[in-house]
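Reading through the structure tokens given below for one structure.
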Amino acid sequence: MIIVHVNDRLGTKSAIPCLPSDTVGQFKLMIAARIGREAGQIMLRRQGERPFKDHITLEDYGISNGVQLDLEVDTGD
Amino acid sequence: MDAATIEETNRIRISLGMKPLPVPGADPAPQTATSEEEEPGSTVESRQAQAYDNYKKLQEEEAAKKRREEKAAAVRKAREKAQRAAILAGKGLGEEEQADLDAKSWLLGQKKRQKKIDKARKLEEELAAAEAAAAAAIQYTSKDLAGIKVAHDSTAFLDGDEQILTLKDTTIDENEEEGDELENLNLREQEKLTERLDLKKKLKGYNPNDYNDGEGTILAQYDEEINGKKAKKFTLDDDGAIAELSDILGQPERKAKKIQSISLDDIIDGDAAPSSDYLAPSEIKVKKPKKKKGNKGTRQKQLDEDDIFPIEPAPVDAGAMDVDTKDASIPTKRKATTDDFADDDDLQASLAIQRKNALKKRKKTRPEDIAKQLKEEEEQPEEAPSGGLVIGEISEFVAGLSKPDEDDRHARRQKQATKTPEPEDRHMGEEERTRKREENEAAGIADEKTVGEGMGAALALLRERGLIDSSSKSGSYEDFKAREEFLAKKRILETELEEQTRHQRERDRMSGRLDRMSVREREEWARQQNTHRDHQQSKRLAELFNATYKPNVELKYVDDHGRRLDQKEAFKHLSHQFHGKGSGKGKTEKLLKKIEDEKRREAQSMFDASQNAGMNLATAQQLKKRREAGVRLG
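Quick note, the sequences are listed as chains A and B, same order. Going by full-length UniProt numbering, the first sequence opens with residue 1, and the numbers climb by one from there. Going by full-length UniProt numbering, the second sequence opens with residue 1, and the numbers climb by one from there.
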């Protein structure tokens with residue numbers, strides 16, 4: 001089990017426990033349950049990198065315990 | 001993270017259909033059981049473990065391979081080493097053949113060997129001694145220094161101290177140019193020091209009084225800067241001494257073999273007549289050469305150019321200055337050129353002999369003679385320069401102009417000389433004039449008319465220049481005449497009318513008609529009469545005007561400079577006046593320049609070629625006048 005921090009740098013920050021084998025899509029569902037925004041509107045990315053895709057696991061993105069991800073609003077484009 | 005949160009998360013996860021997270025406090029047993037049930041490679045963890053195993057295996061394999069290779073390399077190395085050792089076994093080149101001699105025989109041969117070594121050593125010593133002796137025998141004497149320059153003034157060595165000279169430090173180029181030079185460093189430094197001190201003193205400068213005696217060049221103080229410094233140098237001779245120094249040292253000076261250079265011009269300047277290369281024509285004895293076929297053409301020519309120059313006998317007296325005038329020089333020269341070139345050697349030889357003789361003669365002249373000669377020359381009044389031929393640009397040009405004329409005249413004179421020699425002189429003046437004109441016309445240039453000859457000439461000149469329109473209006477004279485006539489008639493009529501009125505007034509007064517009238521009536525009547533008369537007179541004048549007056553209307557516009565303006569210019573002028581605003585600066589300047597040009601052109605001579613050679617403006621005008629495109633030159 002790993003704990004991943006998500007932060008939108010505007011005041012919303014939370015630590016979410018998950019498994020490295022979870023996909024990004026599942027991880028987004030958990031974030032949605034925690035912060036109250038719809039999963040479809042969440043975009044995750046490491047700082048300075050491209051947004052994560054939903055069907056790829058956290059492990060594949062090299063996300064380990066204690067990593068902080070940027071949380072942004074996905075406007076669809 | 002506490003267990004409560006994780007459990008809550010697990011709840012969510014399970015609701016989403018995801019695997020729950022392991023709770024720290026919970027029992028992990030069921031998980032291990034499930035992992036045993038799973039087949040290998042089905043989960044991530046097992047796959048990861050497998051991957052790690054694989055990696056470990058690979059690394060081990062690599063290490064084993066490395067170890068194997070190392071072992072193989074060591075084996076190969078050892079084998080090669082063994083092989084090398086095997087080749088080196090056996091006897092080498094340096095090893096003695098009889099190495100296996102026993103001690104006794106070695107001792108026996110020892111003496112022999114010792115002797116051999118001694119002999120070689122002795123030989124070496126002898127050679128060295130001989131070399132040393134040879135080296136000692138060579139002495140470096142003053143003879144070796146002969147011809148070497150010393151870069152100092154010879155007076156610098158008069159002190160008698162021993163001075164050490166070293167080869168001057170130069171670049172290779174300089175050395176190639178000047179050769180080796182010796183110098184003393186101390187002396188050199190001293191020289192530099194004195195030079196610097198001199199410069200500081202600033203003694204040099206322009207002193208006008210220095211130049212008065214006439215020696216030296218102008219502004220001699222700059223000679224060093226312009227021509228570079230004159231290095232003080234002298235050359236060592238065989239004794240290692242110097243010729244200049246020898247007299248100071250009290251030795252007999254060696255005679256320097258100086259070649260006296262004598263200018264050949266000096267020889268010719270001598271008073272002896274035959275010293276010149278050229279003989280006066282009276283002295284020439286021409287050997288009649290055997291007839292040669294080659295030069296027939298030049299000999300047969302009747303009109304030899306020699307005839308142009310009157311041959312006067314050159315002064316034979318020895319005292320006269322022998323100037324090679326043209327007439328004297330020509331005959332010999334021509335002879336030299338017309339003869340075959342093979343004769344040149346003879347000529348040169350004879351000339352050489354002649355010069356040598358002259359030189360001998362010259363050597364005999366003593367100083368007294370020279371003094372006497374100088375005195376004579378001073379006493380003689382300066383002669384006017386002899387009329388030699390001066391060839392300059394102008395004379396060349398003139399010659400080019402008059403060339404055809406001269407030939408022409410020459411031929412004509414020749415002709416006349418054959419026919420009638422007497423009347424030539426009488427007609428010469430007249431003929432000359434006419435011929436001149438002809439020739440001028442032949443050359444394509446007409447005589448320019450001059451204003452001084454009269455009104456007609458002036459008019460012709462103006463017309464030639466195009467200043468007056470030559471195609472004058474033919475009707476203008478008629479017009480003028482008519483106008484004059486009209487004016488005369490008018491005048492006559494006017495006088496006639498005046499007479500009439502006077503008569504009438506007289507008659508009225510005489511008739512006594514006025515006496516009967518009162519003053520007012522009289523005035524009234526006079527006015528009436530006057531109007532009536534005026535009416536009559538104007539009627540008559542009108543008749544006259546109708547009959548004869550033909551006005552010639554011509555609008556003339558004149559600008560500020562007094563120039564006539566044509567239609568365009570006049571319009572512009574009026575327009576400017578109307579608007580109260582003239583042209584700008586540029587246009588005004590252009591106009592002024594145009595006017596200036598016009599003036600100059602009008603003043604210019606037709607043959608003034610200074611502007612643009614040949615086709616100047618005046619000629620262009622002339623061409624326009626003649627309606628020809630081009631210049632006739634012949």
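Ideal placement from N, C-alpha and C gives every residue a C-beta, glycine not left out. Note that the coordinates shown come from a computational prediction; the quantities given were computed from them, not determined experimentally.
Limits of the alpha helix (DSSP H) - the one that residue i falls within
| i | result |
| --- | --- |
| Lys-593/B | 585-603 |
| Asp-515/B | 513-516 |
| Asp-118/B | 103-137 |
| Tyr-52/B | 44-88 |
| Arg-34/A | 24-35 |
| Leu-555/B | Here Leu-555/B belongs to no alpha helix (DSSP H), and DSSP marks it neither H nor E. |
| Phe-571/B | 567-579 |
| Asn-65/A | No alpha helix (DSSP H) contains Asn-65/A, which DSSP labels as neither H nor E. |
| Ser-538/B | 519-548 |
| Arg-11/B | 3-16 |
Inter-residue spacing [alpha-carbon to alpha-carbon] between residue i and residue j
| i | j | result |
| --- | --- | --- |
| Ile-12/B | Ala-33/A | 8 Å |
| Ala-136/B | Glu-181/B | 26 Å |
| residue 635/B | Thr-548/B | With chain B covering 1 to 634 only, the question about residue 635/B has no answer from this structure. |
| Arg-520/B | Arg-527/B | 11 Å |
| Leu-199/B | Asn-186/B | 20 Å |
| Leu-158/B | Gln-190/B | 15 Å |
| Ala-129/B | Lys-115/B | 21 Å |
| Lys-490/B | Glu-506/B | 24 Å |
| Asp-224/B | Asn-184/B | Here residue 224/B turns out to be Glu, not Asp, going by the sequence shown. Using only the alpha carbons, I get a separation of about 23 Å. |
| Asp-169/B | Leu-88/B | 59 Å |
| Ser-154/B | Glu-176/B | 24 Å |
| Glu-554/B | His-532/B | 36 Å |
| Trp-106/B | Gly-94/B | 18 Å |
| Ser-42/B | Gly-36/A | 35 Å |
| Lys-587/B | His-576/B | 13 Å |
| Thr-141/B | Ala-156/B | 22 Å |
| Leu-347/B | Ile-226/B | 45 Å |
| His-573/B | Lys-581/B | 10 Å |
| Met-1/A | Met-18/B | 13 Å |
| Glu-69/B | Gln-59/B | 15 Å |
| Lys-24/B | Ile-3/A | The amino acid at residue 24/B is misidentified as Lys; the sequence shows Pro. Those two C-alpha atoms are separated by around 14 Å. |
| Ala-134/B | Leu-127/B | 11 Å |
N- and C-terminal bounds of the beta strand (DSSP E) containing residue i
| i | result |
| --- | --- |
| Leu-165/B | It is not in any beta strand (DSSP E) - Leu-165/B carries neither H nor E in the DSSP assignment. |
| His-5/A | 2-7 |
| Leu-71/A | 68-73 |
| Met-43/A | 42-45 |
| Leu-182/B | 181-183 |
| Ala-15/A | 13-18 |
Of the listed residues the options, nearest to residue i (C-alpha basis)
| i | options | result |
| --- | --- | --- |
| Phe-480/B | Asp-566/B, Thr-495/B, Pro-551/B | Pro-551/B |
| Ala-39/A | Asn-65/A, Thr-12/A, Asp-74/A | Asp-74/A |
| Gln-529/B | Asp-597/B, Ser-575/B, Arg-502/B | Arg-502/B |
| Ile-14/B | Val-67/A, Phe-52/A, Met-30/A, Ala-15/A | Met-30/A |
| Pro-51/A | Asn-7/A, Arg-37/A, Lys-13/A, Glu-72/A | Glu-72/A |
| Leu-145/B | Ser-575/B, Phe-234/B, Leu-58/B | Phe-234/B |
| Thr-57/A | Gly-11/A, Lys-28/A, Leu-10/A, Ala-15/A | Lys-28/A |
| Leu-591/B | Arg-601/B, His-561/B, Ser-575/B, Leu-374/B | His-561/B |
| Glu-464/B | Lys-111/B, Gly-392/B, Ala-49/B, Arg-627/B | Arg-627/B |
| Met-1/B | Arg-9/A, Asn-7/A, Ala-15/A | Ala-15/A |
| residue 645/B | Met-455/B, Lys-593/B, Glu-393/B | This structure gives no information on residue 645/B, because the portion of chain B shown stretches from 1 to 634. |
| Glu-45/B | Pro-20/A, Ile-42/A, Met-43/A, Glu-49/A | Pro-20/A |
| Arg-601/B | Asp-369/B, Leu-462/B, Glu-543/B | Leu-462/B |
| Asn-65/A | Leu-10/A, Pro-17/A, Gln-41/A | Pro-17/A |
Test: residue i CB closer than 9 Å to a CB of chain D
| i | result |
| --- | --- |
| Arg-507/B | Absence of chain D from the displayed structure is noted, the protein chains being A and B. |
Does the segment 114-132 of chain B come within contact of the segment 140-149 of chain B, defined as at least 3 CB pairs closer than 8 Å? no
Please identify, using Cβ separations under 9 Å, the residues of the UniProt domain "Ubiquitin-like" (1-71) of chain A that lie next to chain B, in order along the chain. Met-1, Ile-3, Ala-15, Ile-16, Pro-17, Cys-18, Leu-19, Pro-20, Ser-21, Asp-22, Gln-26, Leu-29, Met-30, Ala-33, Arg-34, Thr-57, Glu-59
Report yes or no: do three or more beta-carbon pairs, one from the segment 47-62 of chain A and one from the segment 17-26 of chain A, lie closer than 8 Å? yes
Note down, in chain order, all residues in the segment 12-26 of chain B with a beta-carbon under 8 Å from any beta-carbon belonging to chain A. The residues in question are Ile-12, Arg-13, Leu-16, Met-18, Lys-19, Leu-21, Pro-22.
For the segment 42-66 of chain B, list every residue whose C-beta sits within 8 Å of some C-beta in chain A, in sequence order. So the close ones are Val-44.
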